[in-house]
Amino acid sequence: MRTGERGIFPAFYAHEVVGQARDSVGLKRNPCWVERFNVQFLGSVEVPYHQGNGILCAAMQKIATTRKLTVHLRPPASCDLEITLQGIKLILTAAPVHFFQMKNISFCGCHPRNSCYFGFITKHPVLSRFACHVFVSQESMRHVAECVGRAFQEYYQEHLEYACPTEDIYLE
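Numbering (the numbering used here), first residue to last: 1 to 172.
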């Protein structure tokens, strides 16, 4: 995402968003619910599994170690994370906007020992491949993780109402 080149990141993980188009079909709850956070994007890395704090921490460590070598040449890009019930929009100032659909986000969280680091794991829509996207801030990112958690719960609660409708069955 930082270089603009195509490859594993973000060709299949993120969708370019043009303008303010939003898909709010079937949302009974507040479809306009949006939270926006200003953070710094550190990078993305492919991970072997779709969830787990160990995977998230290993990805954060790998990206942080790599970034330490180049931080003086290329400082972390300032960006906005816009969290909605549909997904996470990554808005970089000098790059296209990327949108990660909520259905493709499988895990998120902060680093357990340093809550200034936040990451989320996305899955490839077709293949069994996963990527972790890592961000940093001067302040704790727990509020970002909690916001994504709320959006995730709302999304899946709404999704399950349509995908698996429940009916009362009475036996006589």
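Glycine included, every Cβ here is placed at the ideal spot set by N, Cα and C. Keep in mind that this is a model prediction, so the values were computed, not measured.
- In the three-state reduction of the DSSP assignment, Thr70 falls in the helix class.
- Ranked by Cα distance from Gly52, the options His72, His111, Thr65 and Ser44 are led by His111.
- Nearest to His159 by C-alpha distance, out of Lys103, Asp80 and Thr93, is Lys103.
- The alpha-carbon separation between Val126 and His50 amounts to approximately 14 Å.
- Ranked by Cα distance from Phe118, the first of Gly149, Tyr156 and His72 is Gly149.
- Ranking Thr70, Leu69, Ile91 and Gly87 by CA distance to the CA of Gln40 puts Ile91 first.
- If only complete runs of 4 or more residues are kept, the segment 53 to 139 shows the alpha helix (DSSP H) at 53 to 70, in order along the chain.
- The three-state reading of DSSP puts Gln40 in strand, counting E and B together.
- A check of alpha carbon separations from Glu82 across Ala131, Arg36 and Cys108 identifies Arg36 as the nearest.
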